[in-house]
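See structure below.
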Amino acid sequence: MQRGMRLVMSAAVLSVLLSSAGCRAEMSDARRDHVLAGDHGWIDLTLKAAPSAPDFDPKKICSVSFWSGDESLLGEGADLSRAAQNANPIGYRFAVPSGKLQAEVRLEGCVTKPLVLPLPLDLAKDHLARLVFDGGKVLLESTAPYEPTSLDWVRGEILKLHSSNEASVAAVSRLTTLTIASLTLNLLALLAFLVLRLRVRK
38 MQRGMRLVMS AAVLSVLLSS AGCRAEMSDA RRDHVLAGDH GWIDLTLKAA PSAPDFDPKK
98 ICSVSFWSGD ESLLGEGADL SRAAQNANPI GYRFAVPSGK LQAEVRLEGC VTKPLVLPLP
158 LDLAKDHLAR LVFDGGKVLL ESTAPYEPTS LDWVRGEILK LHSSNEASVA AVSRLTTLTI
218 ASLTLNLLAL LAFLVLRLRV RK
């Protein structure tokens, strides 16, 4: 009897773990690093409204995922009932391999039947595709070249500012030297003029 109960409990725990893992499928750090090391682009997914599906439950958290083929590249939980109420819509930005993607956005948990929204993409290398979910479908809003901010970029900008500051200090120093030299020459010229006038009067 006890053995049977243990088996039932083990099966229940295992099923909970598997269902949790399924709801939170997303790209691992190792996979993301590999994507960033190769030819890649970026997706900016913005959710501006709650699903317009009649079975949407505003009290439940939605599982938002982005898939390319059979691979999940994003897995997040979001309260989409407040998406339209907020001045800042819910959004995510993430790297994906560039090229032709059989992409789709999936919404689960807050709807009885998973909402699968396909959107084939041809994403160029180092480009950002802006996707918008309006409650019923996902739309491609725009694509444009994109270079994400990095620590190296910030360091480079600081070095530029530092170099510019040093150049400004050097320019001010040269200008100060020239001004002093000009005043000195003018003073010497004035003294020479006064000496000549004194000699003429004598």
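For the sequence shown, my numbering assigns the number 38 to the initial residue and increments by one for each residue that follows. Where is the CB? At the ideal position from N, CA and C, for every residue including glycine. Note that the coordinates shown come from a computational prediction; the quantities given were computed from them, not determined experimentally.
### Query
Any idea if Leu231 is buried or exposed, counting beta-carbon neighbours within 10 angstroms, 16 or more meaning buried?
exposed
### Query
Do Pro88 and Leu152 have their C-beta atoms closer together than 7 Å?
yes
### Task
Determine, using beta carbons only, whether Lys85 and Asp171 come nearer to each other than 7 Å.
yes
### Message
Just to check my reading of the structure: Gly173 and Ser100 have Cβ atoms closer than 8 Å, yes? What is that Cβ distance to the nearest angstrom?
### Response
In fact, because the Cβ distance is near 18 Å, the residues do not count as touching under 8 Å.
### Query
In the structure shown, what three-state DSSP assignment does Ile98 receive?
coil
### Query
So, are the CB atoms of Ser135 and Asp66 less than 7 Å apart?
no
### Task
Could you tell me the distance, in whole angstroms, from the CA atom of Glu141 to the CA atom of Glu178?
15 Å
### Task
Starting from Leu73, trace the alpha helix (DSSP H) both ways and give me its first and last residue.
Asp66 to Ala74
### Task
Look at the alpha carbon of Leu222 and the alpha carbon of Ala229, and state the distance between them as a whole number of angstroms.
10 Å
### Task
Taking Ala86 as part of the beta strand (DSSP E), name the residues at either end of that continuous run.
From DSSP, Ala86 is part of no beta strand (DSSP E); its letter is neither H nor E.
### DSSP-derived helix/strand/coil call for Leu156
coil
### Task
Alpha carbon to alpha carbon, how far is Leu110 from Ala90? Give it in angstroms, no decimals.
24 Å
### Query
For Glu145, which three-state DSSP category applies?
strand
### Message
Mapping the DSSP letters down to three states, classify Glu19 as helix, strand or coil.
### Response
Given that the chain is displayed from residue 38 to residue 239, the structure contains no residue 19 and the question cannot be resolved.
### Query
Could you give the distance in angstroms between the alpha-carbon of Leu176 and the alpha-carbon of Val169?
5 Å
### Task
Assign Ser219 to one of two classes, buried (16 or more other C-beta atoms within 10 Å of its C-beta) or exposed (fewer than that).
exposed
### Message
What does the Cβ neighbour count give for Ser205, buried or exposed, with the cut at 16 atoms within 10 Å?
### Response
exposed
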